[in-house]
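Undergrad: If you want our numbering, it's the 1-based position in the sequence shown plus 137. Think of the CB as a built atom: it goes at the ideal place given N, C-alpha and C, for glycine as much as any other residue. Because the structure is a prediction, the values reported are computed rather than measured.
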Amino acid sequence: MGDRSAFLWGVATAGHQVEGNNFYADIWLLEQVRNTRFAEPSGDACDSLHRWREDIEITAALGLNCFRFSIEWSRIEPAPGEFSEAWFDHYARVAAACRDAGLAPVVTLSHFTSPRWFAALGGWSDPEAPVRFARYAEQAARRLAPLVSHVITFNEPNLPLMGRWTATPLADATRAGLDAMLAEAARQSGSDRFGVWVYSRGEDDALAHLLAGHRAARQAWKAARSSVQVGMSLAVPDAQAVGSASGLAAYRQFAEAPFFAAVRGDDFIGVQTYGRILIGATAVLPVPEDAERTESGEEYYPQALGAAITHAHAETGLPVLVTENGIAADEDGQRARYITAALESLDAARDSGVPVVGYIHWSLLDNFEWRRGYAQHFGLFAVNRGDFTRTAKPSAQIYAREVRMRR
Ligand code: IFM
Numbered sequence: 138m139g140d141r142s143a144f145l146w147g148v149a150t151a152g153h154q155v156e157g158n159n160f161y162a163d164i165w166l167l168e169q170v171r172n173t174r175f176a177e178p179s180g181d182a183c184d185s186l187h188r189w190r191e192d193i194e195i196t197a198a199l200g201l202n203c204f205r206f207s208i209e210w211s212r213i214e215p216a217p218g219e220f221s222e223a224w225f226d227h228y229a230r231v232a233a234a235c236r237d238a239g240l241a242p243v244v245t246l247s248h249f250t251s252p253r254w255f256a257a258l259g260g261w262s263d264p265e266a267p268v269r270f271a272r273y274a275e276q277a278a279r280r281l282a283p284l285v286s287h288v289i290t291f292n293e294p295n296l297p298l299m300g301r302w303t304a305t306p307l308a309d310a311t312r313a314g315l316d317a318m319l320a321e322a323a324r325q326s327g328s329d330r331f332g333v334w335v336y337s338r339g340e341d342d343a344l345a346h347l348l349a350g351h352r353a354a355r356q357a358w359k360a361a362r363s364s365v366q367v368g369m370s371l372a373v374p375d376a377q378a379v380g381s382a383s384g385l386a387a388y389r390q391f392a393e394a395p396f397f398a399a400v401r402g403d404d405f406i407g408v409q410t411y412g413r414i415l416i417g418a419t420a421v422l423p424v425p426e427d428a429e430r431t432e433s434g435e436e437y438y439p440q441a442l443g444a445a446i447t448h449a450h451a452e453t454g455l456p457v458l459v460t461e462n463g464i465a466a467d468e469d470g471q472r473a474r475y476i477t478a479a480l481e482s483l484d485a486a487r488d489s490g491v492p493v494v495g496y497i498h499w500s501l502l503d504n505f506e507w508r509r510g511y512a513q514h515f516g517l518f519a520v521n522r523g524d525f526t527r528t529a530k531p532s533a534q535i536y537a538r539e540v541r542m543r544r
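(1) Can you give me the C-alpha to C-alpha distance between Phe525 and Tyr228, rounded to a whole angstrom?
(2) Using only the alpha-carbon positions, how far apart do Arg253 and Glu429 sit?
(3) Just checking Ala151 against the ligand IFM - is the residue's beta carbon closer than 6 angstroms to any of the ligand's heavy atoms?
(4) Only counting the same chain, and skipping five residues up and downstream in sequence, which positions put a Cβ closer than 8 angstroms to that of Phe396?
(5) Is Glu177 a contact residue of the ligand IFM, with contact defined as CB to any heavy atom under 6 angstroms?
(6) Going by DSSP, what residue range makes up the alpha helix (DSSP H) through Asp163?
(7) Using only CA atoms, which one of Asn159, Asp484, Ala317 and Leu199 lies nearest to Gln534?
(8) Identify which residue in Ala197, Glu177 and Ser211 has its Cα closest to the Cα of Arg236.
(9) Leaving out the 5 sequence neighbours to the left and right, which residues in its chain are closer than 7 angstroms to Val400 when beta-carbon positions are compared?
(10) Pull up the DSSP beta-bridge partners for Pro217, would you.
(11) Kindly confirm or deny that the stretch 457-469 and the stretch 512-521 touch, where touching means at least three C-beta pairs closer than 8 angstroms.
(12) Compute the distance between the beta-carbons of Ala361 and Ala278, then report whether it is under 7 angstroms.
(13) Go through its chain and collect everything with a Cβ distance to Gly259's Cβ below 6 angstroms, but skip five positions before and after it.
(14) Run the proximity test for Glu506: is its beta-carbon closer than 6 angstroms to any non-hydrogen atom belonging to the ligand IFM?
(15) Using alpha carbons as the reference points, say which of Leu284, Leu246 and Ala529 lies closest to Arg269.
(16) Here's the rule: buried if 16 or more other CB atoms are within 10 angstroms of the residue's CB, otherwise exposed. What is Pro439?
(17) I'd like the list of long-range same chain contacts for Ala382, defined as Cβ closer than 7 angstroms, with 5 residues on each side in sequence excluded.
(18) According to DSSP, is Gln409 part of a helix, a strand, or is it coil?
(19) Taking the alpha-carbon positions, what's the Leu186 to Gly327 distance?
(20) Less than 8 angstroms between the CB atoms is what I'm expecting for Val520 and Cys203, so what's the real figure, rounded?
(21) Using a Cβ-Cβ cutoff of less than 6 angstroms, which residues in the same chain neighbour Pro492 once the five nearest sequence positions on both sides are dropped?
(22) So within the stretch 397-461, which uninterrupted beta strand (DSSP E) runs reach at least 3 residues, ignoring any that extend past its ends?
(23) Would you kindly work out how many angstroms separate the C-alpha atoms of Gly470 and Ala353, rounded to a whole number?
(24) According to the Cβ coordinates, are Met318 and Arg174 closer than 7 angstroms?
(25) According to DSSP, is Phe525 helix, strand or coil?
(26) State buried or exposed for Gln366, treating a residue as buried only when at least 16 other CB atoms are found within 10 Å of its CB.
(27) Going straight from the alpha carbon of Ala420 to that of Gly384, what length do you get?
(28) Along the beta strand (DSSP E) that carries Ile289, what are the first and last residues, could you check?
(29) Measuring only the C-alpha atoms, how far is Arg301 from Ala238?
(30) Does DSSP put Ala519 in a helix, a strand or coil?
(31) Tell me whether Ser532 sits in a helix, a strand or coil according to DSSP, three-state version.
(32) Enumerated in chain order, which unbroken segments of the alpha helix (DSSP H) with a length of 4 residues or greater are wholly contained in the stretch 151-205?
(33) Should Glu222 be listed as close to the ligand IFM, given that the test is whether its C-beta is under 6 angstroms from any heavy atom?
(34) Take the Cβ of Gly339 as the centre, count every other Cβ of all protein chains shown within 10 Å, and call the residue buried at 16 or more, exposed below.
(35) I'd like the list of long-range same chain contacts for Pro374, defined as Cβ closer than 8 angstroms, with 5 residues on each side in sequence excluded.
(36) Going by alpha carbons, who is nearest to His287 out of Pro531, Gly490, Arg543 and Gly147?
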């Protein structure tokens, strides 16, 4: 299994989902508009803006050696070209505290959110978008490259394409609701084209801009410190063909191939796996009726991880960093079983020769699960919504034990 001591074992968080009061982010506005499609607003989230030291401490206490967090572009660059040294200082302190606690800081530059001004200018559909992202990435590299071990440019940028390929009547209704919400955000912003990539249709020109942004960010970070490991994290379910007319190849060509091509030259491919999808002729098939389900209604299928990382490595030739893997579970025992089984599939993939450099569990905390609000429980720690107290769930100790067995 290679050099065990260098393997990263971590937990993941994301700014908007845990920090709280991310006022200047595009998604904050989407949560507030009258026709929002969000179950509830993010509000104070987990108050990690003030409790980040505790988040780092509880991670280190599990015996892990890696902590993933995102820096919030809208805090760092609240207006185009205006950078906040104070916010850079904040994120530099977080990264330094990780290092002091023996945790490799893995930083995401864009975890779904962008500044409102960026969205109001059209988001990724605007031809200037790659230049805007490159400017932010360069400034972030200037301040944070000395402290950070790995950089993830984008989190799951392939989601809109996955959604487009799997369009169903239900998805069409959801689409109409999202479009109306985006139109209202545009109206409130005095813009006619408020663009938020994760809720977009994944149009071709916007995709090309985003991938150009990835390349520019990689260049900026490598120029700042060549040893920083740079990659992009993709949603990679274990996609399985069903029937002789399965559209699996078409799905992969559409939702994966552009990204696998764009990561050529990266240091790693970030893989985020939650389960499998069954691909029929032109659509993803429903979860089998007799399947065990997770809290989010998805199939409980932990062994997806091994297949997903094997596939991502085969397609890219890159070492794999599992940047997310986890389960929404209101019954914590299901999460504990999931972790054990997922890590067994990871072991099998590594034993078969797939180079894997780390495993980062989603998530440290029960947090703001985007449009579903706080109703989904992905955390190893519960968070009291009144006073933000973190309480370890038994699965946190199971994860710690599984990691100890492998180090
Ligand atoms: O919460 C999300 C995260 O932001 C991105 N990957 C999937 C997670 C669970 O849905």
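TA: In brief:
(1) 21 angstroms
(2) 40 angstroms
(3) yes
(4) Pro294, Asn295, Leu348, Met369 and Leu371
(5) no
(6) Asp163 to Gln169
(7) Leu199
(8) Ala197
(9) Gly368, Met369, Ile406, Thr453 and Leu455
(10) Answer by DSSP bridge pairing: none, since Pro217 is not bridged.
(11) yes
(12) yes
(13) Arg330 and Gly332
(14) yes
(15) Leu246
(16) buried
(17) Ala418
(18) strand
(19) 30 angstroms
(20) About 21 angstroms; that fails the 8 angstroms criterion.
(21) Pro456
(22) 405-410 and 413-416
(23) 43 angstroms
(24) yes
(25) coil
(26) buried
(27) 7 angstroms
(28) His287 to Asn292
(29) 42 angstroms
(30) strand
(31) helix
(32) 152-155, 163-169 and 185-198
(33) no
(34) buried
(35) Thr410, Tyr411, Gly412, Arg413, Ile414, Ala441 and Ala445
(36) Gly147
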